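Engineer: Structure in structure tokens, see below.
There are 2 protein chains.
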Amino acid sequence: MGTSERKQREREEREQLFLDTAEQLIAAEGFIQLQMAKLAKACDYATGTLYQHFTSKEDLLMALMARQSALHLELFERIEQWQAPSRQRIFAICVAEQDFNRRQANYVKLSQYVMTEAVWENASEARRQQLLQCGQPICRIVSGIVQQAIDEGDLDPQGASTMELAYGTWALCQGSHTLDHTQGLLEAFSIPRGPMTMYRNMHRLLNGMQWQPLLDLSQPTVLEQLVKQIEQHLKIAS
Amino acid sequence: MGTSERKQREREEREQLFLDTAEQLIAAEGFIQLQMAKLAKACDYATGTLYQHFTSKEDLLMALMARQSALHLELFERIEQWQAPSRQRIFAICVAEQDFNRRQANYVKLSQYVMTEAVWENASEARRQQLLQCGQPICRIVSGIVQQAIDEGDLDPQGASTMELAYGTWALCQGSHTLDHTQGLLEAFSIPRGPMTMYRNMHRLLNGMQWQPLLDLSQPTVLEQLVKQIEQHLKIAS
DNA sequence: TCGTTTTTTGAATCTGGTTCAAAATATGCC
DNA sequence: GGCATATTTTGAACCAGATTCAAAAAACGA
Numbered sequence: 001m002g003t004s005e006r007k008q009r010e011r012e013e014r015e016q017l018f019l020d021t022a023e024q025l026i027a028a029e030g031f032i033q034l035q036m037a038k039l040a041k042a043c044d045y046a047t048g049t050l051y052q053h054f055t056s057k058e059d060l061l062m063a064l065m066a067r068q069s070a071l072h073l074e075l076f077e078r079i080e081q082w083q084a085p086s087r088q089r090i091f092a093i094c095v096a097e098q099d100f101n102r103r104q105a106n107y108v109k110l111s112q113y114v115m116t117e118a119v120w121e122n123a124s125e126a127r128r129q130q131l132l133q134c135g136q137p138i139c140r141i142v143s144g145i146v147q148q149a150i151d152e153g154d155l156d157p158q159g160a161s162t163m164e165l166a167y168g169t170w171a172l173c174q175g176s177h178t179l180d181h182t183q184g185l186l187e188a189f190s191i192p193r194g195p196m197t198m199y200r201n202m203h204r205l206l207n208g209m210q211w212q213p214l215l216d217l218s219q220p221t222v223l224e225q226l227v228k229q230i231e232q233h234l235k236i237a238s
Numbered sequence: 001m002g003t004s005e006r007k008q009r010e011r012e013e014r015e016q017l018f019l020d021t022a023e024q025l026i027a028a029e030g031f032i033q034l035q036m037a038k039l040a041k042a043c044d045y046a047t048g049t050l051y052q053h054f055t056s057k058e059d060l061l062m063a064l065m066a067r068q069s070a071l072h073l074e075l076f077e078r079i080e081q082w083q084a085p086s087r088q089r090i091f092a093i094c095v096a097e098q099d100f101n102r103r104q105a106n107y108v109k110l111s112q113y114v115m116t117e118a119v120w121e122n123a124s125e126a127r128r129q130q131l132l133q134c135g136q137p138i139c140r141i142v143s144g145i146v147q148q149a150i151d152e153g154d155l156d157p158q159g160a161s162t163m164e165l166a167y168g169t170w171a172l173c174q175g176s177h178t179l180d181h182t183q184g185l186l187e188a189f190s191i192p193r194g195p196m197t198m199y200r201n202m203h204r205l206l207n208g209m210q211w212q213p214l215l216d217l218s219q220p221t222v223l224e225q226l227v228k229q230i231e232q233h234l235k236i237a238s
């Protein structure tokens with residue numbers, strides 16, 4: 001019946017209100033400061049109502065993550081559509097990642113936190129599934145690019161599965177973000193901050209996979225050009 | 001005077017008692033369950049006494065991490081002494097890492113948690129410094145190996161700094177652990193669990209750096225032999 | 001031995017997440 | 001509309017557990 005449809009929609013709207021507001025509060029004072037009661041009040045609802053949407057604070061944080069990753073996905077989908085040599089496309093993923101993380105620094109911190117056992121275990125099973133689901137399309141796109149490379153003869157898997165190669169690039173991205181994000185780490189070891197370090201290492205990895213065309217890192221401008229080109233395509237104002 | 005020396009030593013012993021007991025409790029029921037009052041009681045001290053050693057629960061967790069990384073370091077130091085081609089040595093770091101993490105699964109989870117902003121910010125400044133200090137020697141060893149490779153002509157940095165190359169391997173290790181450790185992720189994307197995926201990607205990265213001698217991944221046995229050899233050297237009963 | 005300083009104690013405090021009985025609202029029926 | 005029933009919302013009470021701090025105990029020094 002029509003009534004219950006409207007109710008459903010209203011419920012959905014309220015959930016978005018909660019999430020929007022939570023995002024604002026987090027942006028303003030960090031996610032550690034987020035308080036359930038404060039959030040509810042800021043939305044003009046009682047605390048209990050908040051708990052009809054989220055089984056716990058952790059569950060809320062995970063919901064926030066899941067929503068954010070939709071944005072994340074959007075970026076990836078743009079790359080999926082892009083007609084370009086496979087090696088440019090896989091690298092575009094890294095550039096997009098990097099840019100996304102730079103803009104959404106809070107998101108990185110949040111995802112780091114959410115993936116923690118302490119948090120993960122405290123969210124509802126449904127939410128965990130939802131979050132894993134969010135990863136699926138991203139995974140599909142990345143391994144799609146790897147597959148394209150193999151099909152077009154740019155990449156000889158040498159017995160490795162598509163996923164294994166995708167995993168490599170993913171791990172390098174992931175690890176770089178973690179290191180970049182660890183308080184004081186780069187400074188302590190005097191590694192220059194910025195994406196280029198990661199970009200170069202990514203190309204070393206891709207070169208090591210024999211992913212054609214190989215990129216010559218001894219010519220810094222080649223990489224710089226490539227990055228510029230990709231940023232342009234992604235319409236990133238770096 | 002002599003008295004205060006003894007006092008100092010007793011204080012130190014008590015701190016170790018707290019840490020040892022905390023480790024046991026964590027091993028038994030996970031670090032989420034760790035409660036300050038429970039821990040104090042288990043050591044036959046009052047809660048307040050615990051707080052004379054650690055400014056907060058987070059501070060305690062970080063102290064635990066710092067102590068663990070001494071073990072971690074030990075492993076690395078063994079590799080530092082090892083007379084072998086640079087490429088074997090850098091790879092040995094990964095194998096050691098991997099093995100260490102397999103054995104000390106709790107430690108990985110803990111370090112993931114501790115590096116989180118929410119936790120990091122809640123520990124004392126001194127503790128944070130201490131933890132960063134722990135990273136120093138590891139960093140020194142890794143970049144030492146990179147340097148050796150360059151000096152011996154196994155590796156042409158092509159303008160990259162020693163640290164940049166070390167960062168690459170580190171990030172790949174780090175990222176692999178994070179992915180491996182994320183609940184349900186490997187399963188969701190049907191990537192086989194186990195260290196070999198990471199090992200192969202590490203060699204792709206090293207090959208991409210043109211780190212000699214290159215390793216031929218199309219011959220699975222070559223890598224297997226190498227791993228076996230290194231495990232033997234590290235006296236790891238895999 | 002006694003006054004002073006340091007250390008230890010653990011009950012009280014405080015914070016903030018979570019619950020749930022009561023109140024409010026919506027729904028369906030005549 | 002008016003009424004009985006079901007659903008939703010409310011927010012004060014509850015609770016867990018980290019942290020504090022005034023009082024008690026112990027150590028020290030003369």
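Top line first, the protein sequences correspond to chains A and B.
So for the first sequence, UniProt numbering puts the first residue at 1; every next one is plus one.
So for the second sequence, UniProt numbering puts the first residue at 1; every next one is plus one.
We treat Cβ as the ideally placed atom computed from N, Cα and C, and that holds for glycine.
As the structure is a computational prediction, the values presented were derived from the model and not from experiment.
1. In whole angstroms, what separates the C-alpha of B:Glu12 from that of B:Arg6?
2. Quick one: is B:Gln174 near chain A, going by C-beta distance under 8 Å?
3. Could you pull out every unbroken alpha helix (DSSP H) segment of at least 4 residues lying fully inside the UniProt domain "HTH tetR-type" (12–72) of chain B, listed in chain order?
4. Grab me the residues of A:Ser69's own chain with a C-beta within less than 7 Å of its C-beta, minus the 5 sequence neighbours each way, in chain order.
5. Using a cut-off of 8 Å between C-beta atoms, extract the partners of B:Gly208 located in chain A.
6. What is the DSSP secondary structure of A:Lys235, reduced to helix, strand or coil?
7. Along the chain, where does the alpha helix (DSSP H) containing A:Ala164 start, and where does it finish?
8. Does DSSP classify B:Trp120 as helix, strand or coil?
9. Alpha carbon to alpha carbon, what distance is there between B:Glu15 and B:Met1?
10. For A:Leu17, which residues from the same chain have a beta carbon less than 8 Å from its beta carbon, with the 5 sequence-adjacent residues on both sides left out?
11. Short check: CB of A:Ala126 to CB of A:Glu58, under 8 Å?
12. Output the distance between the C-alpha atoms of A:Leu185 and B:Gln210, rounded to the nearest integer angstrom.
13. Roughly how many whole angstroms lie between the Cα atoms of B:Lys109 and B:Leu131?
14. Thinking A:Asn106 and B:Gly168 are a contact (beta carbons under 8 Å), I'd like their distance in whole angstroms, please.
15. Count the other C-beta atoms from every protein chain shown that fall within 10 angstroms of the C-beta of B:Val222, then say buried if there are 16 or more, exposed otherwise.
16. According to the Cβ coordinates, are B:Leu39 and B:Thr21 closer than 8 Å?
17. Applying the 10 Å Cβ sphere with the 16-neighbour rule, what's the burial state of B:Thr47?
18. What are the boundary residues of the alpha helix (DSSP H) that includes A:Ile150?
19. Nearest-angstrom Cα distance between A:Thr162 and A:Leu205?
20. Could you tell me the boundaries of the alpha helix (DSSP H) in which A:Ser86 lies?
21. Below 8 Å on the Cβ atoms is my contact criterion, and I expect A:Arg87 with A:Pro213 to pass it. Report the Cβ-Cβ distance as a whole number of Å.
22. Alpha helix (DSSP H) containing B:Arg193: first to last residue?
23. Does the distance from the C-beta atom of A:Phe100 to that of A:Ile141 stay below 8 Å?
24. Counting contacts by CB-CB distance shorter than 8 Å, is B:Met1 in contact with chain A?
25. Look at the Cβ atom of A:Leu215, then the Cβ atom of A:Val95, and state whether they are nearer than 8 Å.
26. Report all residues from its chain with a CB closer than 8 Å to the CB of A:Ile150; omit the five preceding and five following residues, and keep chain order.
27. Quick one: does A:Glu5 have its CB under 8 Å from some CB of chain B?
28. Does any CB atom of chain B fall closer than 8 Å to the CB of A:Ala160?
29. By a C-beta neighbour count over all protein chains shown, 10 Å radius and 16 as the cutoff for buried, is B:Leu71 buried or exposed?
30. By Cβ distance, which residues of its chain are closer than 6 Å to A:Ala66, with the 5 residues on each side in sequence left out?
31. Taking a Cβ distance cut-off of 8 Å, strictly less, list which residues of the stretch 61–77 of chain B are near chain A, in chain order.
Structural biologist: According to the structure data:
1. 10 Å
2. yes
3. 36–42, 47–50
4. Cys134
5. His203, Arg204, Leu205, Leu206, Asn207, Gly208, Met209
6. coil
7. Checking the displayed sequence, the identity of residue 164 of chain A turns out to be Glu instead of Ala. Taken as a continuous stretch (DSSP letters only), the alpha helix (DSSP H) holding A:Glu164 covers 162–181.
8. helix
9. With a pLDDT of 41 at B:Met1, under the threshold of 50, the modelled position of this residue cannot be trusted; read the value that follows with caution. Their backbone Cα atoms lie some 22 Å apart in a straight line.
10. Cys43
11. no
12. 27 Å
13. 16 Å
14. In fact, because the Cβ distance is near 27 Å, the residues do not count as touching under 8 Å.
15. exposed
16. yes
17. exposed
18. 125–151
19. 15 Å
20. 86–103
21. 6 Å
22. That residue, B:Arg193, is in no alpha helix (DSSP H); it is neither H nor E in DSSP.
23. no
24. Caution is warranted here: a pLDDT of 41 is assigned to B:Met1, below 50, making its placement in the model unreliable, and the coordinate value is therefore given only provisionally. False, the Cβ-Cβ gap to chain A never drops below 8 Å.
25. no
26. Asp156, Pro157, Thr162
27. no
28. yes
29. exposed
30. Gln130, Leu131, Cys134
31. none
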